[in-house]
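Read the structure below first, then the notes.
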């Protein structure tokens, strides 16, 4: 009972502090904008801990955060091996290959009406395919190591980036293109000086969508075949052996990596598209 009471007291105190911070005169300061979601996240963890311990939930069903933290600290070597296999080898390489291929394909589509009418509809079709159907095929083609996971990631990130980039390249209006012609600018000069810069907000929108898809794709692909390492492999075997605390530690790592990946892309976006209205203020 003491866990339930303590949890509710902390929740009430955190709620009051968050309301005060959100309504204070310093609400727009960076420190306050960071403190509010951090406090909210800590509150969620305290509620989780209190509910699990207060109601005596079995650790096989849902371990408390304190137990997950202990397992996380004790399994750093395993988590690092899985991070390298899944994130650095599979997700990151697939993301870079897929993003590069999508950008090049968008430039080709921009030059060809045939590709515009042919490739984009196929892209929408492929984007709708379930990953659980694509992943086993690619694992069978490329083997159990990181190559097949990178291939799954390429398939997942290619079309979101492609569609956003094509849309961005069409964002300039007729007056801007006519102005470039008055300067005697050719196609490639107009592309480099006007159309690609104007497309950058759309490109980064696709990249931010792809950051989460890349990690999900790499982890799910490991369910269908992997060497004895990787986040997906560890989650699958952890559930089978009832090591749920290790499974949650892997989920925690993937959440941190996904947030950091998204944050890096957002940071780059702010410096590349500093001129865009969405980055002002």
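In full-length UniProt numbering, the protein residues as written are 1 to 281. Positions of the beta carbon are idealized from the N, C-alpha and C atoms, including for glycine.
**Study point:** Close Cβ partners of residue 3 (< 7 Å) along its chain, the five nearest in sequence each way excluded
**Key:** 50, 53, 54
Check your understanding: Considering only the beta carbon of each residue, do residue 232 and residue 251 sit closer than 8 Å?
Key -> no
Review point. Nearest to residue 154 by alpha carbon, out of 270, 84, 98?
Key: 98
Check your understanding: Could you give the distance in angstroms between the alpha-carbon of residue 17 and the alpha-carbon of residue 255?
Key -> 26 Å
Check your understanding: Counting pairs of beta carbons, one from the stretch 76-95 and one from the stretch 133-144, are three or more of them closer than 8 Å?
Key -> no
Point to revise | Cα-Cα separation between residue 38 and residue 201, rounded to whole angstroms | key: 28 Å
Review point. Between residue 198 and residue 189, what straight-line distance do the alpha-carbon atoms span, to the nearest angstrom?
Key: 13 Å
Review point. Taking C-beta to C-beta, are residue 343 and residue 213 nearer than 8 Å?
Key: What is shown of the chain runs 1 to 281, which leaves residue 343 out entirely.
Point to revise | Same chain only: Cβ atoms within 7 Å of residue 85, ignoring 5 sequence neighbours per side | key: 146, 229, 230
Exercise for review: Label residue 217 either buried or exposed according to how many other C-beta atoms from any shown protein chain fall within 10 Å of its C-beta, with 16 as the threshold for buried.
Suggested key: buried
Check your understanding: Going by the beta-carbon positions, is the gap between residue 36 and residue 22 smaller than 8 Å?
Key -> yes
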